Structures are given as structure tokens and as C-alpha cells.
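**Q** Handing you a structure now.
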Amino acid sequence: MAQKNILVTGGAGYIGSHTVLQLLLGGFNTVVVDNLDNSSAVAIERVKELAADFAHNLSFHKVDLRDKPALEQIFASTKFEAVIHFAGLKAVGESVQKPLLYHNNNLIGTITLLEVMAAHGCKKLVFSSSATVYGWPKEVPCTEEFPLFAANPYGRTKLFIEEICRDIYGSDSEWKIILLRYFNPVGAHPSGHIGEDPRGIPNNLMPFVQQVAVGRRPALTVYGTDYSTKDGTGVRDYIHVVDLADGHIAALRKLDEPTVGCEVYNLGTGKGTSVLEMVAAFEKASGKKIPLVTSGRRPGDAEIVYASTDKAEKELKWKAKYGIDEMCRDQWNWASKNPYGYGSPDSTD
Ligand code: UD1
1498 MAQKNILVTG
1508 GAGYIGSHTV
1518 LQLLLGGFNT
1528 VVVDNLDNSS
1538 AVAIERVKEL
1548 AADFAHNLSF
1558 HKVDLRDKPA
1568 LEQIFASTKF
1578 EAVIHFAGLK
1588 AVGESVQKPL
1598 LYHNNNLIGT
1608 ITLLEVMAAH
1618 GCKKLVFSSS
1628 ATVYGWPKEV
1638 PCTEEFPLFA
1648 ANPYGRTKLF
1658 IEEICRDIYG
1668 SDSEWKIILL
1678 RYFNPVGAHP
1688 SGHIGEDPRG
1698 IPNNLMPFVQ
1708 QVAVGRRPAL
1718 TVYGTDYSTK
1728 DGTGVRDYIH
1738 VVDLADGHIA
1748 ALRKLDEPTV
1758 GCEVYNLGTG
1768 KGTSVLEMVA
1778 AFEKASGKKI
1788 PLVTSGRRPG
1798 DAEIVYASTD
1808 KAEKELKWKA
1818 KYGIDEMCRD
1828 QWNWASKNPY
1838 GYGSPDSTD
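As C-alpha cells, then:
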């Protein structure tokens, strides 16, 4: 049987690179498009090393999705079975400061991609959405039917893209689209060769904890100790990035089913973990003490967010395998082997 060609946008990024590896190991031919604005070509090289005998099935184009002629050329030279679309900006605070940057990059990039896909008769898409579309959920676990609300421009780009997908499916039922709402991806590939490498000061909990552990930052600031949770700190659904990557392979297989239209699935573990529990698990995995400074709540933060995983388990036949101990073990393995991510001490702040 001929190998299927899959286009992965943002395939050099954190979740993208882990998914590309699982695709290669699963026997797919994978073409990555990434503008490398917030990612590194080194990740692609590392994925190739990990993929070993499958490495020749990976090709990479440094292209911005808004460059329509460049995208056209890629679609003209390869017939794609489906696209997995990760590419996008994702820092909440930056999106509040620079909303046009976010709307331009995320929305125009996606619309251009969808136009080129349609023009070339490729109408299967898996899109990287986020639990951020649940806003501040009134109850947990979050099911896919919950009302949607975006609390910031970044979240609005995710929500708008979901709506665009529902519209194009409504206009043309040949499209098959799966929207995956990720909870909190953490950890790294167990080899420690690929992982998350944010530029500048990390916004998210685990990249920050990891930088404290390797001595790049003095202490973790805990945002809020007065939530109505077990220990007063915020509760989230952390999911191992390799489980998340496997969720994309399950979604691709689902796209082969004739009845699929435009579907949405949560990808989480269904378990809530507090900031202090996560820090304790990381200290245990790394043997490092993480100094803490407590401060007030971070504006815009939800109290407790975790997923209902029933729909993904039933319909995608996918379930997360790893718990927080494995997430922290692999996060530390990556951090200790790559304290400056893919860069060097001078190439980062
Ligand atoms: C954040 C984004 C969300 C985005 C997600 C991507 C905000 C308000 N929300 O979600 O839109 O989809 O990242 O992964 O930024 N924490 C600390 N100290 C820190 C960092 C975080 O105590 O230095 C706490 C937070 O208050 C929260 C938990 O750790 O309780 C997780 O935070 P984070 O990793 O930023 O994820 P989210 O807030 O869930």
C-alpha cells in the first residue's frame, strides 16, 4: 500500500515535533512547514535521528503559511491525504499586547492554508485547538458540549478558527475536520532529545519549573494560593506530550471513517493536579528543590480546569497512558540534557 503523505504545519514546535516523530514511526510520509519564528530547525534534525530508518520520510520547508505562492508550490508537488495544523502564536500575555499580530498570524495563516487545501482537493484537517475555548468553566470535567468563550485574543483566534472550520464543513460536506482541544501539554520524549524550548521568559508552569531546576531562574512564582482547591493553588489537566502526539494519530485514523464531518475532542487525562502537586512531583523526579515565591492570582486564570475524556476514549479509541510522575521524569530528562533547549547559554535570556 502506498504511504500516505501528511502535511504538518508548525512541525518544528513542541507538540508538532513530537507528533511528527509518531507519524514517521507509524509509517506516514511527513512534510513539515514551519516559519521557525518560535521553533528551531534543530528539532527537525533531532526528530530525524529518533526516527532512524524512517527519517527519509520527513521533509522540511521553512515557509510562513501566509506565503500563499510558497504553500501552493508544496501542494503542487505532493498529494496530501490530510493536514495537521499546529502553526500559530500562543502566548496569552503577548496576544493582549499585540492582538493584530495574533489575528494576522493565526487567522490569515489558517485561512490561506484552508484555501490552498480546497484548491488542491485536500479536505481532511486535524486542528490544534485548546481548552482555552472553555474560558472559565463553571464546572468540571469540561465536556465538548460546554459553552465556548475566549478570554483573550489568543483564545479568540482558536475559537474563530474552530468556527471557520464549522462554517466550511457547513458549506461543503466533503470536508472532514477534527478539532482537538488540548489541556496542558507537558513532558518530553523519553529519549530527552526533543522537548519544549520557549523563547524568553516562559509563561507556562512546567517550562518555568524546568528553568528553575537547571539554575536559569531563581524561584517559581506561584500565582494564587487562595483558590477553592485542595491546597489553594490552581488545578489543571496536565497531559504527557507523547500521549497528545498519539492523539493526533488516532484523529488521523478517525478521518478515514466515512461518517466523520466536523468533530471536536478533548485531549486530556481527566485528572486535575494543583500547582503544588506538580512542583512536588517534579522535585521527586529531579531530586532538585524548587524555591517558591507566592503571589496573587494571575489575571484571567481559571480556578480548576480538567477534561472529560469520554468522547475521545469512545470515538478515537485513544486514552492517555502517562501520569504526572512520567511527565516530570521526562521533562527533567530533557531539561538536564538540554538546559538551554536547542540553543546555547548566549542565544537565550
Ligand atoms: C495557559 C493559558 C491558556 C493556554 C495554555 C497553553 C493563561 C491565562 N492561560 O493556561 O490560554 O491555552 O496556557 O498551554 O495564560 N502558574 C504558576 N506560576 C507560573 C506559571 C503558571 O503558578 O509561573 C500556575 C497558573 O496560575 C495555573 C497553572 O500554573 O494555575 C498552569 O498555568 P499555565 O501552565 O500557564 O497553563 P494555563 O493557565 O492552564
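My numbering applies: residue 1498 is where the sequence shown begins, and numbers increase by one.
Heads up, the beta-carbon is just placed ideally off N, CA and C, and yes, glycines get one too.
Predicted model, so just to flag it, every value in this text is computed and none were measured.
1. If you scan the region 1681-1765 from start to end, which runs of the beta strand (DSSP E) of 3 or more residues do you find wholly inside it?
2. Tell me the DSSP bridge mates of Lys1818?
3. For the beta strand (DSSP E) containing Arg1653, list its first residue and its last residue.
4. Check Leu1521 in the structure and name its three-state DSSP category.
5. Pairing CB atoms from the region 1681-1689 with CB atoms from the region 1829-1836, are three or more of them under 8 Å?
6. Just checking, does the region 1517-1524 make contact with the region 1740-1749 on the three C-beta pairs under 8 Å criterion?
7. Where does Phe1557 fall in DSSP's three states?
8. DSSP three-state label for Arg1795, please.
9. Going by DSSP, which residues form a beta bridge with Tyr1679?
10. Secondary structure at Leu1536, three-state DSSP: helix, strand or coil?
11. Give the straight-line distance between the Cα atoms of Ser1625 and Leu1656, rounded to the nearest whole angstrom.
12. Tell me, to the nearest whole angstrom, how far the beta carbon of Val1732 is from that of Ser1771; I am working on the premise that it is less than 8 Å.
13. Taking buried to mean at least 16 other C-beta atoms within 10 Å of its own C-beta, is Gln1708 buried or exposed?
14. Classify Ala1804 as helix, strand or coil using the three-state DSSP reduction.
15. Any idea if Gln1500 is buried or exposed, counting beta-carbon neighbours within 10 angstroms, 16 or more meaning buried?
**A** According to the structure data:
1. 1681-1683, 1717-1720, 1735-1737, 1759-1764
2. Paired residues: none, contrary to the question.
3. Not the beta strand (DSSP E): Arg1653 falls in the alpha helix (DSSP H), residues 1650-1668.
4. helix
5. yes
6. yes
7. strand
8. coil
9. Ser1627, Leu1764
10. According to the sequence provided, residue 1536 is Ser. The question's Leu does not apply to it. Here Ser1536 sits in coil by DSSP.
11. 11 Å
12. 5 Å
13. buried
14. strand
15. exposed
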